[in-house]
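Below is one structure, written out as structure tokens; comments come after it.
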Amino acid sequence: MKTERRAAGAVLVELVLALPLFLVVMYGLLECARLVYLWNTLQAVTRAAVRAAAVTDYNDAAAMEQLRQRALLRAGAGALAMGAPVDGSYLRIEYLWQDAAGALQPVAQGARAPCPALNLLYCLRNPNGSDCIRFVRARICSPADAASCQPVPFQPLLPPLPRMDWQGLALPPSDSTARAGALGYQPGSALCAAPAPPPP
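Numbering (full-length UniProt numbering), first residue to last: 1 to 200.
Structure representation (structure tokens):
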């Protein structure tokens, strides 16, 4: 009888000593699994966004917002499932032109055609012009800096344990680039007014 009580007490002491270590290992595994999930899912998000942006009118704010929501696998506004803080504001869509050497550069907001039909004319006039949208790029960037694509820091789902620092980890930008499609142009749609050309 005494031996059984001592054995039961020994098991309880061993459990108390092993349980914290087990929970720390499980916490680390869960967060690492979530990090791998985010790395894979963000690539799928940018691929879906760039495919949709290649055929969506960039002037239609409602269509662009819907594009972002669908790319984030959501029916409405909100963050990516299990991917906070990534929401539509983190999904950056850029329109690019290609110079004669083949390098891709962002089309300046002021140089962008006011409508997709006019972009087709710009590209017919000069396929390597800085106002001809030939490619679309989607990537995950911090919305705090609009000038450059700063990485988004990884935020653990659970509060970090002491001596477990996730601050050095950042989510990848997951760049995806595709050739621009119709950009929302519908055959037979009216041509918008072109801006006045710059003075010589």
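Backbone N, C-alpha and C fix where the C-beta goes; we use that ideal spot for every residue, glycine too.
Checklist entry - For the beta strand (DSSP E) that residue 212 lies in, which residues bound it at each end? => result Residue 212 falls outside the range modelled here, since the chain spans only 1 to 200, and no answer is possible.
Item to check | A49 versus L104 - alpha carbon distance | outcome: Rounded to whole angstroms, A49 to L104 spans 19 Å at the Cα level.
Checklist entry - What's the gap between the Cα of I133 and the Cα of L35? => result Distance between I133 and L35, taken at the CA atoms: about 34 Å.
Item to check | Residue(s) in a DSSP beta bridge with I133 | outcome: The partner list for I133 (beta bridge, DSSP) is empty, contrary to what the question assumes.
Next on the checklist: Report the CB separation of C115 from N59 in whole angstroms; it is logged as a contact under 8 Å.
Outcome noted: 7 Å
Checklist entry - Buried or exposed: P200, going by 16 or more other Cβ atoms within 10 Å of its Cβ? => result Note that P200 has pLDDT 43, beneath the 50 cutoff, so the model's placement of it is unreliable and no number is given.
Next on the checklist: By the three-class DSSP mapping on this structure, what secondary structure does V25 have?
Outcome noted: helix
Item to check | N-terminal and C-terminal residue of the beta strand (DSSP E) that A178 is part of | outcome: S176 to R179
Item to check | Three-state secondary structure (DSSP) of P199 | outcome: Residue confidence is low: P199 scores 45 on pLDDT, short of 50, so the model does not pin down where it sits. Its coordinate-derived value is still stated next. Coil at P199, not helix or strand.
Checklist entry - Rounded to whole angstroms, how far is the Cβ of I140 from the Cβ of L67, which I believe are closer than 8 Å? => result 15 Å between Cβ atoms; not a contact.
Checklist entry - To which residues does DSSP link L104 through a beta bridge? => result Answer is Q98, bridged to L104.
Item to check | Nearest-angstrom Cα separation, counted from Y27 out to P20 | outcome: 10 Å
Checklist entry - How would you label R112, buried or exposed, when you count the other beta carbons within 10 angstroms and need 16 or more for buried? => result So R112 ends up on the buried side.
Item to check | Residue span of the alpha helix (DSSP H) that contains P116, given as start and end | outcome: Where P116 is concerned, the enclosing alpha helix (DSSP H) stretches over P116 to R125.
Item to check | Residue environment, L38, which counts as buried when at least 16 other CB atoms sit within 10 Å | outcome: buried
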